[in-house]
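UniProt numbering puts the first residue of the sequence shown at 1, with every later residue one more than the last.
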Amino acid sequence: MNADDLRAVIRSTLAELVTPAPRRALVLFTGALIGFEKTIPELAMLLKEGVALEFVQTPSAERILDQELIGALGMSAATRQLTGSHDMLIVPTLTQNIAAKTAHGVADCLGSNLMNDYLLAGKPVVVSSSACDPDDPDKQRWFGAIPEGYAQMMRENLCTLRSFGVRTARASALARTVLAAYERIDHARISPITTACRMSRHELLRRLGACPAPAATAAKPPAPTVPVPVSASGAVAVQQQLISQRVVQRLPEGTALRVPATAKITAMAADIAAARSITIIREA
């Protein structure tokens with residue numbers, strides 16, 4: 001191996017280290033009905049964002065949940081290596097039963113065993129807590145007279161899960177909570193390298209030759225998964241309600257990105273936008 005070969009290996013290794021890893025999550029459906037329908041578009045959003053999803057169901061989920069809605073997502077059923085081949089566990093509807101078991105270290109069924117296995121493996125777990133949170137509006141609409149002592153017990157179970165590192169979200173916020181968890185993982189892995197190199201991830205990749213340098217003339221943005229209208233001023237307008245790093249990464253440096261006033265912008269998306277001089281403008 002000569003010096004050029006060695007430099008090529010170093011460049012390739014550095015580029016691999018600062019490139020976000022493929023995202024592959026296991027979706028666990030339990031038998032909680034509250035919030036279930038709201039999580040279906042959230043899972044669809046994750047698929048559009050490039051997260052590979054496989055799913056498994058508890059026996060109660062198979063009886064209670066709408067199987068046509070689940071099937072319409074096009075996810076593959078996971079049949080083996082439920083922990084080893086996935087980097088995150090997503091529970092769209094967490095039952096009070098599984099929440100209580102996991103909070104107290106009980107692992108005696110499919111749902112509680114998977115929660116236990118992912119936590120023991122140090123892998124992230126994200127759950128929709130709408131069905132087991134007494135303060136969730138959907139839960140209150142179904143059960144408006146929960147005794148305070150019972151409600152406090154439910155809160156304590158959720159508090160214990162959070163102390164284990166479980167990320168909880170309402171059903172309508174599941175996708176952005178999952179993406180934020182992935183972006184924190186990517187940031188923790190990549191930031192020591194970019195800090196040591198004293199440059200942004202994009203600049204490091206450009207210098208390594210892993211991504212093209214900015215053209216001298218204005219370039220059109222590459223075609224994303226969804227149509228991106230470009231205004232006469234050259235600004236890129238999107239209607240997505242969740243602006244993740246993948247949305248920003250598609251754009252040339254110096255772009256003005258117009259987003260809906262109510263759009264959620266993840267921390268990693270904001271960081272990448274700042275590093276690449278991309279201005280995010282909320283529409284009035």
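Glycine residues also receive a C-beta, built at the ideal position from the N, C-alpha and C atoms. The structure displayed is predicted, hence computed values, not measured ones.
Selected residue, minimal CA-CA separation from residue i, among the options
i, options, result
"Q240", "T266, V166, P252 and G254", "T266"
"I278", "T262, R167 and P252", "P252"
"R206", "M45, R276 and A175", "R276"
"A261", "A284, A273 and D271", "A284"
"residue 292", "A235, M268, L69 and R170", "This structure does not reach residue 292, given that the chain is present from 1 up to 284, and the question cannot be answered."
"V247", "K48, S85, M199 and M153", "K48"
"T79", "I243, A151, T13 and L28", "L28"
"R189", "A21, W142, D4 and A8", "A21"
"V86", "R155, A52 and D135", "Residue 86 is actually His in this sequence, not Val. The candidate whose alpha carbon is nearest that of H86 is A52."
"W142", "G105, S191 and P134", "P134"
"L69", "E37, L242, L46 and M45", "E37"
"R155", "A103, I281 and K264", "A103"
"A173", "A77, R250 and L242", "L242"
"L46", "S244, Q140, R250 and M268", "S244"
"G71", "P41, D136 and A3", "P41"
Cβ pair residue i, residue j closer than 9 Å
i, j, result
"L204", "I193", "yes"
"A131", "A32", "yes"
"I90", "S112", "no"
"F164", "L119", "yes"
"A237", "R258", "yes"
"A235", "T255", "yes"
"A107", "N157", "no"
"T58", "S128", "no"
"L26", "M115", "no"
"M75", "L43", "yes"
"R282", "A263", "yes"
Residues sharing a beta bridge with residue i, DSSP
i, result
"M88", "A25"
"F143", "Looking at the DSSP assignment, F143 forms no beta bridge with any residue, so it has no partner."
"A77", "F55"
"L257", "V236 and I280"
"L242", "K264"
Cβ-Cβ separation, residue j to residue i (assumed contact under 8 Å), whole Å
i, j, result
"R23", "Y182", "6 Å"
"P124", "I185", "7 Å"
"T30", "L82", "Wrong, their Cβ atoms sit about 14 Å apart, outside the cutoff."
"R167", "V126", "5 Å"
Residue i at chain D interface by Cβ criterion, 9 Å
i, result
"T58", "Among the chains of the structure shown, chain D does not appear; only one protein chain is present."
Cβ-heavy atom distance, residue i to the ligand FMN, below 8 Å
i, result
"D186", "With respect to the ligand FMN, the structure shown offers nothing to examine, as it has no ligands at all."
Task: Length at least 4, wholly inside the stretch 91-124: the alpha helix (DSSP H) runs in chain order - done: 96-103 and 110-120
Task: Every unbroken beta strand (DSSP E) within the stretch 125-207, with a cutoff of 3 residues, ordered by chain - done: 125-128 and 167-169
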